[in-house]
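Residue numbers (the working numbering): 40 to 317.
Using N, Cα and C, we set each Cβ at its ideal position, and we do this for glycine too.
In what follows, a single structure is set out as structure tokens and then discussed.
Okay, structure coming up:
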């Protein structure tokens, strides 16, 4: 792949362990995997707002009881925030209305997650959703293969609502390695007819315990074939877990990224990644 650029665009004080982001107009919405809030950062006036997603929210919830919000996607005026499903406390999906800035619905996905595990032949201890896309007709949910079985799986669910009857397809991927450690999905977005995804190589065989971060990739999947077009290593040090579209020109496409620093430090760096259009 041709040359890319990666730079720190700005830093936000007050958010830790960022795990997903979504940009609309000048508002950057961010979730953290140890937080009970949806954060809204106004990039123009640099103001940070907090929107509660759970009862009695805090910014540093203990690991054993945290909701583990790892995925964020949107359609029309609704944001959808997903728990990872990696423990019994992490099965929630929150619908957030962007117009009223309030929660419109809370959903318990424990039955859906159990069905996905069975359908995709993924053991509960290897189930860990870290990416979500909704295009109005189909849901694409990304299992991060950082467990022992390395099951990097995209579940395609054909339904307008996850509470309806649906058809499901599970597609498995072998993602690139760093130092012998296979990378695993950490986020994804849809741009036109392509899925752009992040994957990180982390030296661990657990969906619960963190390991040494060896680097991250950007990759692209053709929506029609569900096959990977390309992958490109973009860092040897960062654990990127959030991806959102920023800008596109005739020769360049730009994204904003955030990283999970796996600490209790309430500080988040937002990066800009520029790729040549191909």
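So residue i and residue j are in contact, right, with Cβ under 8 Å, and what is the actual spacing, rounded?
i: residue 61; j: residue 273; result: Actually they do not touch by this definition, with Cβ atoms about 20 Å apart.
i: residue 124; j: residue 168; result: 5 Å
i: residue 298; j: residue 284; result: Wrong, their Cβ atoms sit about 18 Å apart, outside the cutoff.
i: residue 145; j: residue 131; result: 7 Å
i: residue 90; j: residue 135; result: 7 Å
Measure the Cβ-Cβ separation of residue i and residue j and say whether it is below 8 Å.
i: residue 122; j: residue 303; result: no
i: residue 170; j: residue 205; result: no
i: residue 74; j: residue 100; result: yes
i: residue 222; j: residue 229; result: no
i: residue 311; j: residue 48; result: yes
i: residue 292; j: residue 314; result: yes
i: residue 234; j: residue 172; result: yes
i: residue 175; j: residue 114; result: yes
Report the rounded CA-to-CA distance for residue i versus residue j, giving the unit in angstroms.
i: residue 40; j: residue 142; result: A caution first: residue 40 carries a pLDDT of 47, below 50, which makes its placement in the model too unreliable to give a value.
i: residue 271; j: residue 238; result: 10 Å
i: residue 159; j: residue 84; result: 45 Å
i: residue 306; j: residue 251; result: 20 Å
i: residue 286; j: residue 45; result: 14 Å
i: residue 71; j: residue 129; result: 13 Å
i: residue 240; j: residue 255; result: 6 Å
i: residue 106; j: residue 138; result: 24 Å
i: residue 260; j: residue 226; result: 13 Å
i: residue 267; j: residue 277; result: 22 Å
i: residue 309; j: residue 187; result: 31 Å
i: residue 117; j: residue 182; result: 22 Å
i: residue 236; j: residue 296; result: 11 Å
i: residue 127; j: residue 218; result: 33 Å
i: residue 289; j: residue 63; result: 21 Å
i: residue 180; j: residue 201; result: 11 Å
i: residue 50; j: residue 68; result: 14 Å
i: residue 232; j: residue 294; result: 16 Å
i: residue 199; j: residue 65; result: 28 Å
i: residue 103; j: residue 269; result: 37 Å
i: residue 166; j: residue 185; result: 9 Å
i: residue 162; j: residue 53; result: 35 Å
i: residue 189; j: residue 177; result: 25 Å
i: residue 148; j: residue 133; result: 10 Å
i: residue 316; j: residue 282; result: 17 Å
i: residue 191; j: residue 275; result: 20 Å
i: residue 300; j: residue 216; result: 21 Å
i: residue 242; j: residue 164; result: 17 Å
i: residue 264; j: residue 98; result: 40 Å
Considering only DSSP beta bridges, list what residue i is partnered with.
i: residue 57; result: 71
i: residue 113; result: 118
i: residue 271; result: 257
i: residue 175; result: Residue 175 pairs with nothing; no bridge assigned.
i: residue 305; result: Note: residue 305 sits in no beta bridge, so no partner.
i: residue 80; result: 67 and 87
i: residue 315; result: 291
i: residue 211; result: 192
i: residue 197; result: 177 and 206
i: residue 7; result: Outside the modelled stretch of the chain, which goes from 40 to 317, sits residue 7, for which no answer is possible.
i: residue 131; result: 147
Under 7 Å: does the beta carbon of residue i sit that close to some heavy atom of the ligand GTP?
i: residue 64; result: The ligand GTP is absent from the structure shown, which contains no ligands of any kind.
Meets three-Cβ-pair contact criterion under 8 Å: the region 152-162 and the region 97-116 = Result no; under three Cβ-Cβ pairs closer than 8 Å.
Would you be able to state if there are at least three C-beta pairs under 8 Å between the region 190-199 and the region 64-79?
-> Segment contact: the region 64-79 against the region 190-199, fewer than three CB-CB distances shorter than 8 Å; contact not assigned.
Touching or not, the region 209-222 and the region 86-104, by the rule of three or more beta carbon pairs under 8 Å?
-> Under the 8 Å Cβ criterion, the region 209-222 does not count as touching the region 86-104, having fewer than three qualifying pairs.
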